[in-house]
Amino acid sequence: NKIFLMYNILLLTTLFYSIFYFTVSSSSSKDNDFQKFENLKLSEKSFQVIHKLHINWYLVSVKSLLSQLGKEVYRDLDHVGKKTFITCLDNINNEGDLTESARCLIDSKRRLDKYKKMKLKFMNYQKGFYRRRFARSPYRLIDKNLTSSEYIPKINPIKIKKMSSYKLLDKREKSPVARVSNLILNFVKKNQVNETRKSFKWKNTLKKIQSVKKIMDDQKKLPGAKPYTYRMYDLVLENDEPTESPKERASFVSRAKSLLSLFFHLTGDENIKKREESNVRWLSPRIAPVMPDKAKAGNQKNFLSPDILSLYEENNEITDKDNHQQDNSLINVPKLLSHFGMSTYDKDKFIEMLMEVSGAAKSFEEASSILKALHFFETKNEIMDANERIVESFNKLNNSLNFYQKIDMKKKGFTFIEVDQLDQLLQDQGIKNDSKVYEELNYYRNMDRKDREASLWLKVEEIAKNGSMYYGKMRFKRTLPVNILKPTVLSPYMFTPILGLSVLGPTILSPSLFSPLILNPAVLSPFILSPAIGMPFILSPYVLSPYILSPIIMAPFILNPYVLSPNILNPYVLSPLILSPLVLCPDILSPQVLGGAILSPSVLSPAVATESALMANVLSPTFLS
């Protein structure tokens, strides 16, 4: 959406500003800081990689905006228009092709505008027959698409928990199990060298791990994550899973998957999709696993591969019971302790002792310390400050949205930024009023809402044109391609007609088969060591383009004059000249069989040491040849 696009542009601006600031200030800093910033300097190769990354971020932002526009257009189209629009999007092979996506969007938008005009004319025609006066409704100014709860938010009442009696908190007396666990813990800790770790709480650590996992899973489900991997087709239809492009559907992997799906269907498996994505564990037991199996429930087939003495707690929201197979656990330790009547406190103490003795606690703390130590070559504060400024500016912009902008975000998925919000955004980034950025945005400041929307569609149309000035506007002349400095080397080809002008395009070691040259004038484009069969020359004059060591069979020259293009060691078979005059084109050691010249005069084109057989010259005078 629009805010997502502005956020990415803001991110690029701040990153470039930060790198520039680091480079300038390094000369006056201390030796420590100088070395720190020296480590941050990018090589030429790294800079190109980061530059491409920034471009991809921008392209993904544009793709997100196009997808929101596509959803809006798709909702308003008629049945035939929807089918045409979706078919156009589905035929796009490359998921990052913005040009083809914009063309499909522009074509559908024009169809929608045409449909709206026809509908408006019909409604105006009806008004002439059914013109009536109606009382103005007091609710006419209220948006009909909004519910009452959106105007007046419901106040959640405070729920008071009532109990017959309350148990006061007091100091817990430790049970024998807890005392034994503490004794073993103290014994293990005393035997550890340089012990400086704090008391370990396995349950708290498990909660932190699961919370991080939940955040990562939630981020994958956010709408902003889909444009990176989904096609425009999936974004417009709001598919939960990405689909395959026509090119991917034609691949071997896709066909094998289809055959597998057909096999599961014929075997009567009800849950085909899970069977296709299932994992297999064969004679691979897990002994004392700390965490549940990462495979989802029902998506794994196990053979003699149980979880023995598992340390995680089943049927617990902390362990995310939906993401593992509970029936595969053999002797679950927390469950076993519960059967023996242990309290939750004693169970936690016992498992904490097991984790400490096994060394899992130390491994977790070492991993945590490594993550804390990763502070970008001792420049964590500088980089994080820049990121915090970006996030803070984005949050300010998000909180400053007015009522109508929020409605746009909910309905359309994007909105237009207001002038005061734009000024505040630039001010937060330290951009002065007299900068070029302000001058470039003056045109936007003077637009109203309709002009901004029209300008947005003009930009989409420019993306659809992709350099073509007349796409979708009017008919344009189709011209033949012009190839300049495009040699063909070691590239055999067949059944490929060649069209268009060729300049400085030699063909070297590239044999051809049944590939005619039609309307293919050539300049300085010799054929060298490139034999050809079935290659007629039709309306393809060539200049300064000799044929050297390139035997040609079944290649008649029709309306094909050529100048200063000698044939050297170049035999011809079944290749007559028809209405093809030649000037300064001698044949040197180039035997010819079953050919001849028909209405093809020649000037200064002698045959030097060239044998011929079964040749016929008809109405083809020669001069100095």
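If you read the sequence shown in the working numbering, its first letter stands for residue -15, the second for the next number, and so on.
Cβ atoms here follow ideal geometry from the backbone N, Cα and C, with glycine treated the same way.
Being a predicted model, the structure only gives us computed values, none of them experimental.
Are the CB atoms of residue j and residue i within a distance shorter than 8 Å?
i: Ser609; j: Val587; result: yes
i: Lys543; j: Ser564; result: Looking at the sequence provided, one finds Leu at residue 543 rather than Lys. Yes, they are a contact pair.
i: Arg215; j: Glu28; result: no
i: Pro230; j: Asn75; result: yes
i: Ile552; j: Pro530; result: yes
i: Val421; j: Leu410; result: yes
i: Leu497; j: Ile517; result: yes
i: Pro495; j: Pro510; result: no
i: Lys380; j: Asp407; result: no
i: Arg87; j: Ala438; result: no
i: Ser268; j: Ser289; result: yes
i: Gly54; j: Val220; result: yes
i: Leu43; j: Leu82; result: yes
i: Cys569; j: Ser549; result: yes
i: Leu566; j: Pro545; result: yes
Could you check if residue i is buried or exposed, using at least 16 other CB atoms within 10 Å of its CB as the buried criterion?
i: Val473; result: exposed
i: Phe541; result: buried
i: Phe387; result: exposed
i: Val592; result: exposed
i: Pro535; result: buried
i: Phe607; result: exposed
i: Lys333; result: buried
i: Asp291; result: buried
i: Asn316; result: buried
i: Asp218; result: buried
i: Gln389; result: buried
i: Gly414; result: exposed
i: Pro590; result: exposed
i: Asp147; result: The residue you asked about is not Asp; residue 147 is Met in the sequence shown. Looking at its Cβ environment, which holds fewer than 16 other Cβ atoms inside 10 Å, Met147 is exposed.
i: Thr463; result: For Thr463, the pLDDT reaches just 48, beneath the cut-off of 50, and the residue's location in the model is therefore unreliable, although a value from the coordinates is still provided. It is exposed - the Cβ of Thr463 has fewer than 16 other Cβ atoms within 10 Å.
i: Glu423; result: exposed
i: Met619; result: Nothing can be reported for residue 619, as the shown portion of the chain is limited to -15 through 609.
Using a Cβ-Cβ cutoff of less than 6 Å, which residues in the same chain neighbour residue i once the five nearest sequence positions on both sides are dropped?
i: Ala581; result: Leu561, Asn601 and Ser604
i: Ile39; result: none
i: Ile522; result: Ile502 and Ile542
i: Thr227; result: Asp218
i: Lys470; result: Gly489
i: Ile271; result: Ile292
i: Tyr649; result: Nothing can be reported for residue 649: it is not among the residues displayed for the chain, which extend from -15 to 609.
i: Glu84; result: Ile76
i: Ser313; result: Asp291 and Ser294
Leaving aside the five residues before and after residue i along the sequence, list all residues of the same chain whose C-beta is less than 7 Å from its C-beta, in chain order.
i: Leu598; result: Val577 and Leu578
i: Ser499; result: Tyr477, Met478, Phe479, Thr480, Pro481, Ile482 and Met519
i: Ile468; result: Val487 and Leu488
i: Pro505; result: Leu485, Ser524, Pro525 and Tyr526
i: Leu665; result: Nothing can be reported for residue 665: it is not among the residues displayed for the chain, which extend from -15 to 609.
i: Leu508; result: Val487, Leu488, Leu528 and Ser529
Short of 8 Å in beta carbon distance, which residues of its chain neighbour residue i, apart from the five on each side in sequence? Order them along the chain.
i: Thr594; result: Asp571, Ile572, Leu573, Ser574, Pro575 and Gln576
i: Leu614; result: No answer is possible for residue 614: the residues shown for the chain start at -15 and end at 609.
i: Leu583; result: Ile562, Leu563, Val602, Leu603 and Ser604
i: Tyr99; result: Leu61, Asp62 and Gly65
My output table needs one value for residue i: the three-state DSSP class, helix, strand or coil.
i: Asn551; result: strand
i: Tyr58; result: helix
i: Thr399; result: coil
i: Thr83; result: helix
i: Gln576; result: strand
i: Asp224; result: coil
i: Leu49; result: helix
i: Asp571; result: strand
i: Asn188; result: helix
i: Val234; result: Contrary to the premise, residue 234 reads as Ala rather than Val in this sequence. Reduced to three states, the DSSP call for Ala234 is coil.
i: Tyr291; result: A quick correction: the sequence has Asp, not Tyr, at residue 291. Three-state result, Asp291: strand.
i: Ser499; result: coil
i: Thr491; result: strand
i: Phe479; result: coil
i: Thr606; result: strand
i: Asn316; result: strand
i: Ala448; result: helix
i: Thr594; result: coil
i: Ala600; result: strand
Is residue i near the ligand NAD - that is, is its Cβ less than 7 Å away from at least one heavy atom of it?
i: Ser322; result: What this structure holds is no ligand at all, so the ligand NAD is not there to describe.
Exercise. Counting Cβ pairs, one atom from each stretch, are 3 or more of them under 8 Å apart for the region 47 to 63 and the region 388 to 402?
Worked result: Output reads yes: the region 388 to 402 touches the region 47 to 63.
Exercise. Between the region 52 to 64 and the region 86 to 97, do three or more beta carbon pairs fall short of 8 Å?
Worked result: Contact between the region 52 to 64 and the region 86 to 97 is present, because at least three Cβ pairs lie under 8 Å.
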